[in-house]
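Written out below as structure tokens is the structure these notes cover.
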Amino acid sequence: MAKRAILGLVTLGLVVAAAFASFYVVPMERTMGPIQRIFYFHAASAWAGMTAFFVCFFGNLLYVWRRQPKWDWLGISAAEVGLAFTTIVLITGPIWAHPVWGIWWTWDWRLTSTFVMWLLYVSYLLLRTLIAEPDRRALLSAFFGIFAFLDVPLVYFSIRWWRTQHPQPVVMGGPGSGLEPTMRKVFFFSVLAMHALMVLLLSERYRLEKLRGEVDDLRREAEAQ
Amino acid sequence: MKNFDSIFAAYVLGWAVFFGFYLSIGKRASSLRTEIEQLKNSLSRGK
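First to last, the sequence lines map onto chains L and C. The end of the first sequence is residue 1392 by the working numbering, with every number in the run present. The end of the second sequence is residue 115 by the working numbering, with every number in the run present.
Here it is as structure tokens:
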């Protein structure tokens, strides 16, 4: 309980500090103006979402290998958390795009692959609702999760491999790219804050799945009586 | 501030997703705890 409270307080502190820094510390971006400040929320959420999907992939691989329920619990928990972060990305992206591009959405490689990633993980969650038997549900969804993860590197590299309407990478984007030093510091601080939030949500969601595992065990016991 | 409405909407909607998700975890956990109690009671009655 104490650990959860500490994690919650640290996360709250980091998230509030990151929001404050993105409004009051970073300088105004010359071309876009204040709307650029959405970037610190949008891009940091995207990074945290992709990390969650990587954790899901890791859980899925380990479940296929070891067949231990804890890896299935990690997989489903990380998939839901990743989906929450990706939903934020898909909401904040168009809100930023409309004043900057003049359109809410375009089917370029980055936006399309992100939307496909979101659909794949929604399908992952739906698939689990269709299978009642816990072991079969865990194995099939682990295979589907491994397949779904194939889209994640595509999302990351899409702006590096193809010309897109979405801005080219400003972090780790090679020569000619980059952020103003204060913007860079605040961006990485926002990434840290969003990752702390991701860990908090993941640990809470994992506890829920553990309870579900307990329910499954008790049901089996009741059926055997 | 220029585009204040857009910035406000992005932050409000974004945080609404996080809070909604966090609340849904709490709600589901509470219903599972109730189910665990019921199952434990019915198992102890059956013994």
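A virtual CB, placed ideally from N, CA and C, is assigned to each residue, including glycine. Treat the numbers as computed from the prediction; the structure is a model and nothing was measured.
For residue i, three-class secondary structure by DSSP
i: V1267 of chain L; result: helix
i: Q1203 of chain L; result: helix
i: A1299 of chain L; result: coil
i: N71 of chain C; result: coil
i: L107 of chain C; result: helix
i: R1197 of chain L; result: coil
i: H1333 of chain L; result: coil
i: W1274 of chain L; result: coil
Selection from the options that minimises the alpha carbon distance to residue i
i: F1208 of chain L; options: L:T1296, L:W1328, L:M1350, L:R1386; result: L:M1350
i: A1264 of chain L; options: L:M1199, L:V1192, L:A1169; result: L:M1199
i: F1310 of chain L; options: L:W1328, L:Y1291, L:P1320, L:L1321; result: L:Y1291
i: D73 of chain C; options: L:Y1191, L:Q1392, L:P1201; result: L:P1201
i: R1372 of chain L; options: L:L1241, L:E1196, L:L1174, L:S1344; result: L:L1241
Minimum Cβ-Cβ distance from residue i to chain L less than 8 Å
i: L120 of chain C; result: Residue 120 of chain C cannot be examined here, being either before or after the span of chain C that is shown, 69 to 115.
i: V85 of chain C; result: yes
i: S112 of chain C; result: no
i: N109 of chain C; result: no
Min CB distance residue i to chain C below 8 Å
i: P1266 of chain L; result: yes
i: V1193 of chain L; result: no
i: L1359 of chain L; result: no
i: W1263 of chain L; result: yes
i: F1206 of chain L; result: no
i: V1222 of chain L; result: no
i: G1249 of chain L; result: no
i: V1382 of chain L; result: yes
i: E1388 of chain L; result: yes
i: E1347 of chain L; result: no
i: I1313 of chain L; result: no
i: T1296 of chain L; result: no
Beta carbon of residue i nearer than 8 Å to that of residue j
i: V1177 of chain L; j: A1219 of chain L; result: no
i: H1333 of chain L; j: A1215 of chain L; result: no
i: T1331 of chain L; j: W1276 of chain L; result: yes
i: A1305 of chain L; j: P1236 of chain L; result: yes
i: V1182 of chain L; j: L1368 of chain L; result: no
i: L1346 of chain L; j: V1358 of chain L; result: no
i: F1316 of chain L; j: A1188 of chain L; result: no
i: S1325 of chain L; j: S1370 of chain L; result: no
i: A84 of chain C; j: I1262 of chain L; result: no
i: A1213 of chain L; j: V1256 of chain L; result: yes
i: D1318 of chain L; j: L1287 of chain L; result: yes
CB-CB length for residue i against residue j, believed under 8 Å
i: C1223 of chain L; j: A1251 of chain L; result: Incorrect: roughly 12 Å between the Cβ atoms, too far for contact.
i: R1387 of chain L; j: L107 of chain C; result: So it is not a contact: roughly 10 Å between Cβ atoms.
i: A1360 of chain L; j: A1211 of chain L; result: 7 Å
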